[in-house]
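In the working numbering, the protein residues as written are 1 to 226.
Think of the CB as a built atom: it goes at the ideal place given N, C-alpha and C, for glycine as much as any other residue.
The structure presented is a predicted model; accordingly, all values stated were derived computationally and were not measured.
Written out below as structure tokens is the structure these notes cover.
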């Protein structure tokens, strides 16, 4: 059974979800463009003996990792999600992965230290977070950056995806409308400014090394741990 939602990472009514496979149309549309960017930055060779760890924060339905993982069979993908009602969908996609390199999901609140969930400092090769920064209180973004500093290996990457403002300007009009709708739903939500994120990155030894324009007025930001 599949339940279709247009709301992105967070369903409107958590009580209506019971762990079934979820299909978010937005995730179906953006998963391939994001994968093409990941192929430029995930440098893991088949002959490597050591498996690399790709940690996803706010996995939502689980569709992204299900699409990414078969393309990097030597990478171990770890999904996480704060919303317990979504763990069943993530598990469905993980169990269905032909390359069997998606680990069981963990329920994680990114505002807490990742060591609370069994992660070891300086052990993560790639930290990936899509469509959380603007659909959560800013303290979640702070937690994301603080955990990236502590748990990424030296020179490892954090990859964030979503819409952003730049120098307090939001473009185009569709993103202005989206930001307004988010803030009407929860005043603590909304598009974050790239300059603010750069400052937060500097406070946590993370440097923005690339900004990539994506379809539907989104961007991928590539951060490197110093």
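Compute the beta-carbon to beta-carbon distance between residue i and residue j, rounded to the nearest angstrom, for a pair I have assumed lies under 8 Å.
i           : j           : result
residue 57  : residue 129 : 4 Å
residue 61  : residue 23  : 7 Å
residue 157 : residue 41  : 6 Å
residue 107 : residue 81  : 7 Å
Is the Cβ-Cβ distance between residue i and residue j less than 9 Å?
i           : j           : result
residue 205 : residue 149 : yes
residue 141 : residue 191 : no
residue 155 : residue 52  : no
residue 90  : residue 105 : yes
residue 225 : residue 153 : yes
residue 271 : residue 99  : The chain is shown from 1 up to 226; residue 271 falls before or after that span and cannot be answered.
residue 186 : residue 137 : yes
Quick one: residues in its chain with C-beta nearer than 6 Å to the C-beta of residue i, no 5 flanking neighbours on either side, listed in chain order?
i           : result
residue 194 : 164, 166
residue 114 : 147, 151
residue 54  : 75, 77, 126
residue 210 : 222
residue 71  : none
residue 117 : 106, 108
By Cβ distance, which residues of its chain are closer than 7 Å to residue i, with the 5 residues on each side in sequence left out?
i           : result
residue 198 : 208
residue 170 : 176, 179, 191
residue 16  : Caution applies to residue 16, whose pLDDT of 45 falls short of 50 and renders its modelled position unreliable; the value that the coordinates give is listed next. So the list is empty, once near-sequence residues are dropped.
residue 14  : In this prediction, residue 14 scores a pLDDT of 42, lower than 50, which makes its location untrustworthy; no coordinate-derived value is stated.
residue 133 : 141, 160, 162, 192
residue 59  : 65, 79, 80, 81, 90, 105
residue 168 : 193
Quick one: what's got a C-beta closer than 8 Å to residue i's C-beta in the same chain, skipping five residues either side?
i           : result
residue 214 : 30, 33, 34, 37, 161, 220
residue 227 : Because the chain spans 1 through 226 in this model, residue 227 falls outside it and cannot be assessed.
residue 203 : 145
residue 28  : 63
residue 172 : 217
residue 87  : 19, 81, 105, 107
Looking at the ligand GDP, does it come within less than 8 Å of residue i, judged from the CB to the closest heavy atom?
i          : result
residue 20 : With respect to small molecules bound, the structure shown includes none, and the ligand GDP cannot be examined in it.
If contact is defined by three or more beta carbon pairs under 8 Å, each pair taking one atom from either stretch, is the stretch 93 to 109 in contact with the stretch 65 to 78?
Touching, per the Cβ criterion.
Could you pull out every unbroken alpha helix (DSSP H) segment of at least 4 residues lying fully inside the stretch 131 to 177, listed in chain order?
Every unbroken stretch of the alpha helix (DSSP H) spanning 4 or more residues and falling wholly within the stretch 131 to 177 is given here in chain order: 138 to 151.
Just to confirm the assignment: which complete beta strand (DSSP E) runs, minimum length 3, are found wholly within the stretch 71 to 124?
Inside the stretch 71 to 124, DSSP marks whole beta strand (DSSP E) runs of 3 or more residues at positions 75 to 81, from first to last along the chain.
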